[in-house]
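K.L.:
What follows is a single structure, and I will ask about it in a moment.
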Amino acid sequence: MAITKKQKESRAKVEKNKLYSVKEATVLLKEITYTKFDASVDLAVRLGVDPRKANQMVRGVVSLPHGTGKDMKVLALVTPDKEEEARAAGADYVGLDEYLEKIKNGWTDVDVIVTMPAIMGKLGPLGRVLGPRGLMPNPKTGTVTMDVAKAVAEVKAGKIDFKVDKTGIVHAPIGKASFSADKLEENAMELLTTLNKLKPTASKGVYMKSVFMSSTMSPSIAIDVKFA
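Residue numbers (the numbering used here): 1 to 228.
Okay, structure coming up:
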């Protein structure tokens with residue numbers, strides 16, 4: 001596939017074999033992002049863990065100080081007495097049985113599902129639909145809770161959950177190309193600091209092996225894992 005003139009220009013700006021600080025990377029990223037739409041900015045962090053082992057699983061949540069820039073669509077699966085508070089907190093869809101039926105038929109047009117402990121039993125049979133899309137609520141990420149309003153509000157404000165994939169990499173959004181470099185830097189640092197704290201005791205050797213930042217269609221920028 002031939003690369004465009006703009007892609008060539010943006011690749012030329014990224015020095016090969018150079019490790020950038022987070023601050024340098026966010027400034028450079030804004031220079032090399034040429035998309036006509038507001039591109040998403042992501043971090044890919046390769047960890048020295050074996051995700052097949054339960055004691056080396058890395059999973060967590062982080063509240064990005066400036067949000068992701070994406071309007072997260074939230075479905076609150078709740079009992080009738082909780083519907084009003086879920087709506088007030090900003091949930092896009094609120095209900096129970098009708099949405100369980102829709103999901104059973106393949107509907108998954110949401111980013112996050114928040115629910116209550118009592119309802120988790122009803123979601124079990126829908127694991128085949130929700131699991132592969134990362135939509136299954138989980139107490140560890142705060143999406144199974146009695147405080148539905150708080151959970152919905154946090155997701156709307158920029159709380160994301162992340163999980164190491166089977167190749168040992170965590171992919172997470174840290175904002176949009178339209179964000180200022182400072183905001184991207186603060187979001188990236190929040191994620192990297194959170195990841196650092198989650199190092200499993202069973203993980204030996206180098207924990208953070210590599211960190212790359214990129215936006216939709218931009219080249220990747222290698223970041224110094226000491227992220228100075």
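Ideal Cβ positions, reconstructed from N, Cα and C, are used throughout, including at glycine.
#1: Taking only three categories from DSSP, how would you classify K183?
#2: Residue ranges of each alpha helix (DSSP H) run of no fewer than 4 residues wholly in the segment 104-145, ordered along the chain?
#3: Could you work out which residue in Q56, L28, V78 and V129 is closest to I103 when comparing CA atoms only?
#4: Closest to E101 by C-alpha separation, out of M217, L126, L47 and P132, would be which residue?
#5: Can you tell me where the alpha helix (DSSP H) with A12 in it begins and where it stops?
#6: When you compare each of T141, K166 and V45 to E154 by their alpha carbons, which one comes out closest?
#7: Just to check my reading of the structure: A25 and I223 have Cβ atoms closer than 8 Å, yes? What is that Cβ distance to the nearest angstrom?
#8: In the structure shown, what three-state DSSP assignment does Y99 receive?
#9: For L19, which of helix, strand or coil comes out of DSSP?
#10: Could you please give the first and the last residue of the uninterrupted alpha helix (DSSP H) stretch that includes V148?
#11: Exposed or buried, what is A39 when buried is set at 16 or more other beta-carbons lying within 10 Å of its beta-carbon?
#12: In terms of residue numbering, what span does the alpha helix (DSSP H) encompassing P80 cover?
#13: Can you name, in chain order, every residue of its own chain whose Cβ lies under 6 Å from the Cβ of Y20, other than the five neighbours on each side?
#14: What distance in whole Å lies between the Cβ atoms of T4 and A177, which are believed to be in contact at a cut-off of 8 Å?
#15: Excluding the five sequence neighbours on either side, which residues of its own chain have a C-beta within less than 8 Å of the C-beta of L47, listed in chain order?
#16: A222 by DSSP, collapsed to three states: which one?
#17: Ignoring anything shorter than 3 residues, give me the beta strand (DSSP E) runs that lie fully in the segment 15-66, in order along the chain.
#18: Rounded to whole angstroms, what is the Cα-Cα separation between V144 and P137?
#19: Which residue or residues does DSSP assign as beta-bridge partners of L77?
#20: Return the residue from the list A149, K197, T68 and F179 that minimises the CA-CA distance to K82.
P.N.:
Taking the coordinates as given:
#1: helix
#2: 120-123 and 127-130
#3: V129
#4: L126
#5: K5 to K13
#6: T141
#7: 5 Å
#8: helix
#9: coil
#10: V148 to A157
#11: buried
#12: P80 to A88
#13: I221 and I223
#14: In fact, because the Cβ distance is near 17 Å, the residues do not count as touching under 8 Å.
#15: V58, V164, G168, I169, V170, L195, S203, Y207, M208 and K209
#16: strand
#17: 40-47 and 59-63
#18: 6 Å
#19: G95 and T115
#20: A149
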